[in-house]
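One structure is given here, and the rest of the page talks about it.
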Amino acid sequence: MNRPHAKNSLGKVFVNEVKSLRYDDKIRVVVFKSEVKGVFCAGADLKERAQMSDAEVGHFVHRLRSLMDEIAALPVPTIAAIEGYALGGGLELALACDLRVAASSAKMGLIETTRGLLPGAGGTQRLPRCIGIGLAKELIFTGRQIDGQQAFSIGLVNHAVPQNEQEDAAYQKALALAKEIVPRAPIAVKMGKLAINRGIEVIVLIKGFYFF
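To convert, count from 1 in the sequence shown and add 1260; that's my numbering.
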């Protein structure tokens, strides 16, 4: 991701690139990383969203939710390498990935409630499945931000690593994980992911998504 002027907010180009990944049989692992120092992904522009009409918000949230579903449904393992801020939709993007690696100094949070909004791109469904209902409610209700080490301690990320001088420690760890996965039988990995996802994405998840 490389949109410094927009802090990697999610745009049409990114959506199209994600969709194209599904049809590339040569890809074995996808790593989402930022080329912008200090930020993983700003997600949606919450100030802009706050000015939308109800109809516009509905369309906007539907597009974001569809994007996260596309990421979650990719047939290969996905890894989020979180170096800086992953707030709101940025954290929802990371939650849509199979694995998450964060620098200890990274900042994460579903901050929508601090703006009078609700996490609408899957955070209310995927965060509880990741860290448990009680902790998820606490983080969503308060809009609290936590760092990478705290995220690791509650199971939000698989690994938290000290940041290096190049500020790419999370990416380097994500690459190491990818290199460990790539030699494995691709069909077995693909089917393993599919089996796990189908086991947890039951009808309750669908109802939760479309409650609002």
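Glycine included, each C-beta is placed from N, C-alpha and C at the ideal position.
- Counting the other CB atoms within 10 Å of its CB gives D1358 a total of 16 or more, which places it among the buried residues.
- In this structure, R1325 places its C-beta atom within 8 angstroms of the C-beta atom of G1382.
- Here A1362 is bridged, per DSSP, to I1342 and A1420.
- Within the model, the alpha-carbon separation for Q1405 versus I1339 is close to 21 angstroms.
- In summary, D1285 is exposed, with fewer than 16 beta-carbon neighbours lying within 10 Å of its beta-carbon over all protein chains present.
- Under the DSSP assignment, V1449 falls in the alpha helix (DSSP H) whose first and last residues are P1446 to I1460.
- As the crow flies, the alpha-carbon of V1321 is around 6 angstroms from that of G1380.
- For the options A1430, E1295, V1291 and L1351, the alpha carbon positioned closest to that of E1372 is the one of L1351.
- If you draw a straight line from the Cα of Q1311 to the Cα of L1370, it is about 19 angstroms long.
- Note on the region 1378-1446: whole beta strand (DSSP E) runs with a minimum of 3 residues are 1419-1421, in chain order.
- Relative to P1446, the option among A1436, S1294, N1276 and V1336 whose CA is nearest is V1336.
- C-alpha of Q1409 to C-alpha of V1296: approximately 21 angstroms in a straight line.
- When secondary structure is reduced to three states using DSSP, M1312 falls in the coil class, being assigned neither helix nor strand.
- Among the bridge pairs identified by DSSP, C1301 is matched with A1346.
- Rounded to whole angstroms, R1375 and F1401 show a C-alpha spacing of 12 angstroms.
- By the Cβ-count criterion, I1342 is buried, with 16 or more other Cβ atoms from all chains shown falling within 10 Å of its own Cβ.
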